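In this note's numbering, the protein residues as written are 19 to 139. Report on the following structure.
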């Protein structure tokens, strides 16, 4: 069983790209250096940027999330995002990007009502 931390975000302005994405890449590099992190990456689907880390277990993921770099990025994101929603999902195997996006949309639709997120991407 793998634990995935999936953050979906949309920038408030194009200029905010460098304020958020470059620090996010540093956080993902830090995650990759953790032996319990199976994969960490950032990609775009539609207008939503996804920051994803896949972990061997939830305990290691939560320990990393409480770290300094991650916390600073979360504060920065709140100031420069149109929206940011993070969800934790459990997968039997390491998920594909398509499975990651689908899991995030499912969680958002359950949270906001069917179809809400589909209008954003």
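The beta-carbon is built from N, C-alpha and C at its ideal position, and this holds for glycine as well. All values reported here derive from a predicted model rather than from experimental measurement.
Thinking C-beta only, is residue 61 closer than 8 Å to residue 116?
In the chain shown, counting from the first residue as 1, residue 116 sits at position 98. In the chain shown, counting from the first residue as 1, residue 61 sits at position 43. No; because the gap between Cβ atoms is not below 8 Å, this pair is not in contact.
Rounded distance between the beta-carbons of residue 112 and residue 56, thought under 8 Å
Counting from 1 along the chain shown, the entry for residue 56 is found at position 38. Counting from 1 along the chain shown, the entry for residue 112 is found at position 94. 6 Å between Cβ atoms; contact.
Taking all protein chains shown into account, decide if residue 7 is buried (16 or more other Cβ within 10 angstroms of its Cβ) or exposed.
Because the chain here runs from 19 to 139, residue 7 falls outside it and cannot be looked at.
Cut-off 6 Å between Cβ atoms - residues of its own chain near residue 31, not counting five sequence neighbours on either side
For the purposes of this step, residue 31 is identified with residue 13 of the chain shown, where counting begins at 1. Contacts found: none.
Using three-state DSSP, classify residue 146 as helix, strand or coil.
This structure cannot settle anything about residue 146, because the visible part of the chain is limited to 19 through 139.
Alpha-carbon spacing of residue 84 relative to residue 36, whole angstroms:
Mapped onto the chain shown, residue 84 falls at position 66. Mapped onto the chain shown, residue 36 falls at position 18. For residue 84 and residue 36, the distance between alpha carbons rounds to 23 Å.
Burial state of residue 21, where buried means 16 or more other Cβ atoms lie within 10 Å
Position 3 of the chain shown, counted from the first residue, corresponds to residue 21. Residue 21 comes out buried.
By the 10 Å Cβ neighbour count, where 16 or more other Cβ atoms means buried, how is residue 133 classified, buried or exposed?
Your numbering for residue 133 matches position 115 in the chain shown. Unreliable positioning characterises residue 133 in this predicted model, as indicated by a pLDDT of 43, which lies under 50. A coordinate reading is not provided.
Suppose the cutoff is 6 Å on Cβ atoms and the five residues either side in sequence are ignored; what does the same chain contact list for residue 79 look like?
Here the question's residue 79 lines up with position 61 in the chain shown. Closer than 6 Å at the Cβ level, and outside the excluded window around residue 79, lie 21, 23, 73.
Verify whether the separation of the beta carbon atoms of residue 46 and residue 38 is less than 8 Å.
Here residue 46 refers to the residue found at position 28 when the chain shown is read from its first residue. Here residue 38 refers to the residue found at position 20 when the chain shown is read from its first residue. The answer is no: Cβ separation not under 8 Å.
Span separating the alpha-carbon of residue 110 from that of residue 76:
Along the chain shown, read from residue 1 onward, the residue named residue 110 stands at position 92. Along the chain shown, read from residue 1 onward, the residue named residue 76 stands at position 58. Cα to Cα, the separation comes out at about 13 Å.
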